[in-house]
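Here the structure comes first, spelled out in structure tokens, and everything after it is commentary.
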Amino acid sequence: MKKNLLFYLLMSTLFVAGFSLKGNAQLLFEENFAYPVGDLLTAHGWANHSGTSNFIAVTAASISYSNYQSSGIGEEVTLTSSGEDVNKQFTAQTSGSVYAGLLVNVTSVATTGDYFFHLGATAMGTNFKGRLFVKKDASNNLAFGIAHSTTAANYSGFSYSLNT
489 MKKNLLFYLL MSTLFVAGFS LKGNAQLLFE ENFAYPVGDL LTAHGWANHS GTSNFIAVTA
549 ASISYSNYQS SGIGEEVTLT SSGEDVNKQF TAQTSGSVYA GLLVNVTSVA TTGDYFFHLG
609 ATAMGTNFKG RLFVKKDASN NLAFGIAHST TAANYSGFSY SLNT
């Protein structure tokens with residue numbers, strides 16, 4: 489997690505699916521945060537790859553989304569403006585595409601934005617394959633962005649609201 493970003497992140501289900509040219513889907517990783525509230529993610533198979541403060545702990549579930557397959561299952565995590573970056577490995581993919589889904593409730597973010605989710609190589613470090621960003625405008629409207637590796641984020645319009 490990088491600076492200037494505070495939000496609740498509920499990855500009640502993180503679907504990461506690899507697709508071959510034939511279109512066969514495979515669930516590679518699912519995270520419902522079904523751990524006791526207060527436990528650190530690093531106690532449940534997540535690895536710290538940077539940051540020595542604001543360790544990421546499980547918090548009580550507070551968001552849901554109708555028709556989202558795993559909504560209402562498990563807990564969530566709350567990320568703050570800076571601190572620990574964690575990752576959890578799944579089977580490496582050498583071809584096809586990888587897709588991810590998550591629920592996010594942004595309560596506060598800077599106008600400059602920052603990333604809060606990333607996919608990377610098995611040896612994480614800063615070798616990110618994809619990153620998800622969020623930022624706000626002067627009216628507190630949110631835009632989400634996506635970037636490959638270290639390239640600049642490509643943002644949506646400012647069509648989203650804080651606390652939703």
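By the working numbering, the letter at position 30 of the sequence shown is numbered 518, and the numbering carries on one by one without gaps. No residue lacks a Cβ here, since even glycine has one placed at the ideal position from N, Cα and C.
The straight-line gap separating the alpha-carbon atoms of VAL592 and GLY539 is approximately 22 Å. Counting C-beta pairs closer than 8 Å gives fewer than three between the region 526–533 and the region 579–599, which falls short of the contact rule. Counting only runs of 3 or more residues that sit fully inside the region 540–614, the beta strand (DSSP E) segments are 564–567, 573–575, 585–587, 591–597 and 602–608, in chain order. Short of 6 Å from the beta carbon of ILE544, and not among the five residues preceding or following it, lie these beta carbons of its own chain, in chain order: LEU529, VAL565, GLU572 and VAL574. When only Cα atoms are considered, TYR587 and GLY645 end up about 22 Å apart. One Cα belongs to TYR648, the other to GLN577, and the distance between them is close to 30 Å. DSSP, read as helix, strand or coil, puts LEU650 in coil.
The beta carbon of SER541 is closer than 8 Å to those of SER570, GLY571 and GLU572 in its chain, skipping five residues each way along the sequence. Residue burial annotation: SER558 is buried, with at least 16 other C-beta atoms found within 10 angstroms of its C-beta. Per DSSP, the continuous beta strand (DSSP E) segment holding HIS537 begins and ends at 535–538. For a cut-off of 8 Å, the C-beta gap from THR582 to LEU516 is around 13 Å, too long to register as a contact.
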